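Residue numbering for the sequence shown follows the UniProt record's numbering, starting at 1 and increasing by one per position.
The beta carbon of each residue, even a glycine, is placed where N, CA and C say it ideally should be.
None of the values given here were measured: they were computed from a predicted structure.
Structure, as structure tokens:
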Amino acid sequence: MTDLWWQTCGEGKTHLVLLHGWGLNAAVWQGITAQLSPHFTLHLVDLPGFGRSQGYGAMSLEDMAAVVMQQAPERAVWLGWSLGGLVASQVALVAPARVDALVTVASSPCFQANEHEGWPGIKGSVLQGFQQQLSEDFRRTVERFLALQTLGTESARQDARALKEVVLSQPFPTPEVLNGGLAILEQVDLREALDNLPVPFWRLYGYLDGLVPRKTAQILDSRWQRSASVVFPKAAHAPFISHPDLFCEQLLALTSGLRL
1 MTDLWWQTCG
11 EGKTHLVLLH
21 GWGLNAAVWQ
31 GITAQLSPHF
41 TLHLVDLPGF
51 GRSQGYGAMS
61 LEDMAAVVMQ
71 QAPERAVWLG
81 WSLGGLVASQ
91 VALVAPARVD
101 ALVTVASSPC
111 FQANEHEGWP
121 GIKGSVLQGF
131 QQQLSEDFRR
141 TVERFLALQT
151 LGTESARQDA
161 RALKEVVLSQ
171 PFPTPEVLNG
181 GLAILEQVDL
191 REALDNLPVP
201 FWRLYGYLDG
211 LVPRKTAQIL
221 DSRWQRSASV
231 VFPKAAHAPF
241 ISHPDLFCEQ
251 LLALTSGLRL
């Protein structure tokens, strides 16, 4: 039995689909839904195999995007955090007519670092290490990954605890699903595919992010001159958790023209 968990709320005319990151679920957005609900109709989704969307195995990025699109509104702003940013980007690539705008948060079109190219990101050895550790103690491995996402912020411990509570509040993904997600982070490269994206495209980053280094924003600013970026000075990989007010303020400013 496969059933994608989907919740719709909010009062705005513009639809906003929110896609979470690896190992987590839609409860990660609970700190900002109240602020966004007057401005958007929100669509909160547990990606296939994560949280309450049980019964799915490991999936490719293409298949994951296709499953999510089946329940999505005909038109929406798509916002994806981390792994969710890749899913939202894939949706924008295959169905641009359904995407009013793409917003990626602490995400990268290519998560794995490439020293030869000078491309910043997560070292391949780190991703492979997480894959090996999943088979030994997958809950501890997820906790370790969550801790990396908040390093350096003034509220690091509090933010890491909030992310852990989100994981524990819902059914846990299987090791197969978690490994599938890591494989997407390790293998997918959408840099070239996104070069000529025909929809508005905004990228939000944390200055202290160790998984998607701020240098990523600078490189893509030069490469994608039609895509604007915003870097939150004191945030790491989860700016909507560490700085929810500032995050919502920035998102509303960016999308103001779409919500008229």
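Item, Value
"So the alpha helix (DSSP H) residue 94 belongs to, where does it begin and stop?", "83 to 94"
"Does residue 149 pass the burial test, meaning 16 or more other C-beta atoms within 10 Å, or should it be called exposed?", "buried"
"For residue 168, does the count of other Cβ atoms within 10 angstroms reach 16, so buried, or fall short, so exposed?", "exposed"
"Evaluate residue 222 with the Cβ neighbour count: other Cβ atoms within 10 Å of its Cβ, from every protein chain shown; 16 or more gives buried, anything less gives exposed.", "exposed"
"Would you report the Cα separation of residue 53 and residue 67, rounded to the nearest angstrom?", "11 Å"
"Per DSSP, what are the beta-bridge partners of residue 101 in this structure?", "77"
"For residue 196, count the other beta carbons within 10 Å of its own beta carbon; 16 or more makes it buried, fewer makes it exposed. Which is it?", "exposed"
"Within 8 Å, do at least three Cβ pairs link the region 87 to 99 to the region 150 to 165?", "no"
"Give the range of the beta strand (DSSP E) segment to which residue 229 is assigned.", "228 to 232"
"Do you know whose CA, among 125, 207, 119, 32, lies nearest residue 249's CA?", "32"
"Under the DSSP definition of a beta bridge, which residues are partnered with residue 19?", "45, 80"
"What is the rounded straight-line gap between the Cα of residue 265 and the Cα of residue 216?", "Only positions 1 to 260 of the chain appear in this structure, which leaves residue 265 out of reach."
"Could you tell me if residue 203 is buried or exposed, where buried requires 16 or more neighbouring beta carbons within 10 angstroms of its beta carbon?", "buried"
"Just tell me which of 135, 164, 246, 185 has its CA closest to the CA of residue 206.", "246"
"Of all the options 56, 140, 50, 60, which has the alpha carbon lying nearest to the alpha carbon of residue 186?", "60"
"State yes or no: is the C-beta of residue 80 nearer than 7 Å to some heavy atom of the ligand MG?", "The ligand MG is not part of this structure, which contains no ligands at all."
"Return the bridge partner residues of residue 174 from the DSSP annotation.", "Partner(s): none; residue 174 has no beta bridge."
"Look up residue 29 in the DSSP assignment and say whether it is helix, strand or coil.", "helix"
"Buried or exposed for residue 135, going by 16 or more other Cβ atoms inside 10 Å?", "exposed"
"Considering only DSSP beta bridges, list what residue 130 is partnered with.", "Bridge partners of residue 130: none, in fact."
"Mapping DSSP to helix, strand and coil, what is residue 259?", "coil"
"Tell me, which residues are paired with residue 9 by DSSP?", "42"
"Just checking my contact of residue 81 with residue 113 at CB under 8 Å: how many whole Å lie between their CB atoms?", "In fact, because the Cβ distance is near 20 Å, the residues do not count as touching under 8 Å."
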